[in-house]
Ligand SMILES: [Zn+2]
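In my numbering, the protein residues as written are 864 to 1448.
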């Protein structure tokens, strides 16, 4: 198939998803409509048989005591015993399935604390692959658009998914122009996505969206105009105009029920925090009472970047009665305080480097953010604020501070991409004092360090990716892939672990004193990610009472040379005690 999986490098991530059926374990696959037992039900069931014992392993529990053990017993999807082989296998009965781990290293299942999974799968299936890895220049990109145009009925949209900050990566050091795309696909509307925050649209596309001469804004999206008021084709924060926004229900059902779980499971994930467009909640609500997936969903919804079109009350947003929060949990609301720093859209206090300078783009005012933060808090929900520039980060912290001053109680308040590109001088102490959760993307060291230095200069860029400083300040950063399908490589958990530990970046080793230990990096992908979504009581470590979510990996990550972490593989992914993915030997 054409698209993002066409390249050999992507095949590594894609193969399991498209070509291989997930290995069935000896346990029956979950059947539609089968209620999954809750913890209370498991306890009430008393001494029911232990269903499965994983033994003869090197189990890194990542609990507070940093226990390492050999075996884990599972009953009704939860861990009931952790310890030596002798202690745990003593619980076996005739009905217990015994799984020999063959001395392999076992970790808690990885938690992807921030992703856009339905968009990711959509992009893989439908869009032209314009990522830098497969498309190093505009010259390579344009024939790809022409080729797709030949296979697409005239008038139908062609969407190109590309890495953000393409203008710093393409050989020509610029984006494709409206005129170039017109020439490549004269009879089709085309949208080139430069990451999720900027797009270039051709003439047919502009017409189809309804953009005309002199129009500088449409439903919150900013439209670039030349000196004559003619649209340049560049649209900023234009997801509201995105032509493929309304994904057909049957596709969404398939994505959430199987395509997303298979892709994430194949990379060792047992849970994903999905940043979900509000219209998709209807399908998710339907699935929540009918399908037990192999991946646990936590959901934050968004409407537009500034949250202006959120419903007036949040009560109706949750999952219907009868759905099991172990599998589907509605947790929060997400907004974007600013745009994206890799395209100079992050809101900054001091201007960007270079002649065009600029202070980035804010999607809402401090007052609007304060009002929304309070509303979300009073509804008892988590508030997730995307902030990539120092000004946006400070705004989010101020909004959280004011919520605390105005209302009782504590809800989970979190900054997405906290300190990934830059940190203000007070950000760490303020975040720590307020108990703010942080969600970070270590693998962006390998793709976005260079552009960060170019945009904000070497001095400010030293504030990027300061995971060591965060941990030393008492913040426990949780991890998320932020996968949108544009840069598929970042789904690989070992790329994140490797980057956090070695500080490898696209400009060589970057501020190595900010490196974290292997155990700290593992905590970012497990227990700290769980904590950053309020789920540490049931997820993130291998402990009695927690959900039996684990991953078996190809080598002992705790004793290998750090550089070798990059080449680790997922061998088995276990969700609720059941093997949901197994690599081919
Ligand atoms: Zn995101």
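Every residue gets a Cβ at the ideal spot worked out from N, C-alpha and C, and that includes glycine. Note that the structure is predicted; figures quoted are calculated from it, not measured.
Determine the DSSP secondary structure at residue i, reduced to helix, strand or coil.
i	result
residue 1211	coil
residue 1412	coil
residue 1438	strand
residue 907	Bear in mind that a pLDDT of 46 at residue 907, under 50, signals an unreliable position, so the number given afterwards is only what the model happens to contain. In this structure, residue 907 counts as helix in the three-state DSSP scheme.
residue 1085	strand
residue 1187	coil
residue 1057	strand
residue 961	strand
residue 1116	helix
residue 1339	coil
residue 1332	helix
residue 1067	helix
residue 1162	strand
residue 1430	helix
residue 1199	strand
Drop a sphere of 10 angstroms on the beta-carbon of residue i, count the other beta-carbons inside from all chains shown, and report buried for 16 or more, exposed for fewer.
i	result
residue 1273	exposed
residue 1336	exposed
residue 1094	buried
residue 1050	exposed
residue 1447	exposed
residue 1356	buried
residue 1186	buried
residue 966	exposed
residue 1168	buried
residue 1430	exposed
residue 1192	buried
residue 961	exposed
residue 1029	buried
residue 1124	buried
residue 1436	buried
residue 1176	exposed
residue 1434	buried
Could you pull out every residue in the same chain whose Cβ sits closer than 6 Å to the Cβ of residue i, ignoring the five residues on either side in sequence?
i	result
residue 1375	1366
residue 1259	1200, 1248, 1250 and 1278
residue 1054	1022, 1062, 1064 and 1068
residue 956	912
residue 1118	981 and 984
residue 1044	1053 and 1065
residue 1197	1138, 1163, 1165 and 1247
residue 936	913, 916, 943, 944, 951 and 954
residue 1266	1236, 1237 and 1240
If distances are taken between C-alpha atoms only, which option among the options comes closest to residue i?
i	options	result
residue 1149	1120, 1042 and 1168	1120
residue 913	1445, 1444 and 1440	1440
residue 978	1341, 1378 and 1437	1341
residue 1262	1147, 962, 1017 and 1229	1229
residue 1206	998, 1326 and 1311	1311
residue 990	996, 1008 and 1165	1008
residue 1264	1421, 1293 and 1280	1293
residue 1387	926, 998 and 1012	926
residue 1218	1338, 947 and 1317	1317
residue 1083	1074, 1018 and 1091	1074
residue 1010	1301, 1104, 1046 and 1353	1046
residue 987	1122, 1299, 1140 and 1407	1122
residue 1234	1039, 1257 and 1270	1270
residue 1422	1381, 1089, 1109 and 1442	1381
residue 1142	1171, 1153 and 1108	1108
residue 1144	1180, 1212 and 1173	1180
residue 948	922, 1245 and 1089	922
residue 1194	1040, 919, 1320 and 1396	1396
For residue i, collect the residues of the same chain with a Cβ closer than 8 Å to its Cβ; drop the 5 residues on either side in sequence, then sort them by chain order.
i	result
residue 1071	1020, 1052 and 1106
residue 1085	1079, 1098, 1099, 1100, 1101 and 1224
residue 892	Only weak support is given to the placement of residue 892: the predicted model assigns it a pLDDT of 35, under 50, and the value that follows is read from those uncertain coordinates. Excluding sequence neighbours, residue 892 sits near nothing in its chain.
residue 1035	1000, 1001 and 1002
residue 1418	968, 1427 and 1431
residue 1297	1260, 1263, 1264, 1267 and 1276
Can you name, in chain order, every residue of its own chain whose Cβ lies under 7 Å from the Cβ of residue i, other than the five neighbours on each side?
i	result
residue 1203	1027, 1058, 1060, 1209 and 1251
residue 1015	1021 and 1051
residue 887	In this prediction, residue 887 has a pLDDT of 31, which is less than 50 and means its spatial position is unreliable; what the coordinates show is noted afterwards. Contacts found: none.
residue 1393	974, 1399, 1402 and 1403
residue 1377	1328, 1329, 1330, 1331, 1332 and 1366
residue 1112	1146
residue 1190	899, 1155, 1156, 1159 and 1160
residue 1221	1207, 1214 and 1215
residue 1362	1305, 1306, 1308 and 1309
task = Would you check if the segment 1076-1091 and the segment 1014-1024 touch, i.e. whether three or more CB-CB distances between them fall below 8 Å?
result = Result no; under three Cβ-Cβ pairs closer than 8 Å.
message = For the structure I just gave you, are there three or more beta carbon pairs, one from the segment 1302-1316 and one from the segment 1368-1381, closer than 8 Å?
response = Yes, they touch.
task = Determine contact between the segment 967-976 and the segment 1132-1145, defined as no fewer than three beta-carbon pairs at a distance below 8 Å.
result = Yes: at least three Cβ pairs fall under 8 Å.
query = Touch check for the segment 1400-1411 and the segment 940-947: three-plus C-beta pairs under 8 Å?
reply = These segments touch.
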